[in-house]
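Colleague:
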Ligand code: DGI
Ligand code: FE
Ligand code: FE
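Residue numbers (our numbering): 640 to 828.
As structure tokens, then:
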């Protein structure tokens, strides 16, 4: 399996608009990888595959979460949280990807996690700031991304949490844990 296989197989899984999002995440992640001197190949592979399972049905995702013994508490939260963890296992099982940096970047691309490495941080942020994202505050996150990966991720997490709370959605605890891990030095959070 090579890069072209990852691209071809991912395109087959996604409607056009989501495929185009994936390509923009790949491009954005490549720019960040250059800027922050990350492993470009790992970033590229994780970015290509990050939303591989985005259009699986709820039933398929639930089955995979049970079968692959992924964190069962995911099932108590919004199904938007399910596609990353499932895609990380699919990356290993179907694509033979063993690299933990790549599988973690796919797994945690929606929530982040405490102590993310560079590859994970870049995929997380690229997904949030890719050029077609339109939500409030995304421009501020884009600006910050040029200066500090961590600060941009903190802003992204705060904005996401605020948005979820404003819609009355439950926030997955790991999302808070990620924010906490990046702001522990601050005393005003
Ligand atoms: O798959 P994408 O749309 O490219 O982006 P994503 O995987 O980062 O996020 C998918 C959605 O998940 C997004 O609309 C925000 C939502 N989300 C992120 N963190 C949480 C969350 N939803 C809930 N309920 N709880 C969270 O902690
Ligand atoms: Fe996603
Ligand atoms: Fe995405």
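Quick reminder that beta carbons are idealized off the backbone N, C-alpha and C, glycines included.
Remember, it's a predicted structure, so these values are computed and weren't measured experimentally.
If I measure Cβ to Cβ from residue 825 and keep anything under 8 Å in the same chain, skipping five residues before and after, which residues do I get?
Modeller: Correct list: empty, nothing qualifies.
Colleague: With a threshold of 7 Å (Cβ to nearest heavy atom), would residue 719 be considered close to ligand 1?
Modeller: Yes, ligand 1 has a heavy atom inside 7 Å of this Cβ.
Colleague: Per DSSP, what kind of secondary structure is residue 753 in: helix, strand or coil?
Modeller: Three-state DSSP puts residue 753 in coil, outside helix and strand.
Colleague: Looking only at its chain, what residues have a beta carbon closer than 7 Å to the beta carbon of residue 729, apart from the 5 residues adjacent to it on each side?
Modeller: Correct list, in chain order: 691 and 692.
Colleague: In terms of residue numbering, what span does the alpha helix (DSSP H) encompassing residue 817 cover?
Modeller: Looking at the DSSP string, the run of the alpha helix (DSSP H) that includes residue 817 is 812-822.
Colleague: Put residue 658 into one of helix, strand or coil per three-state DSSP.
Modeller: It is helical.
Colleague: Using the C-alpha atoms, what's the distance from residue 777 back to residue 770?
Modeller: Looking at the two C-alpha atoms, the distance is approximately 9 Å.
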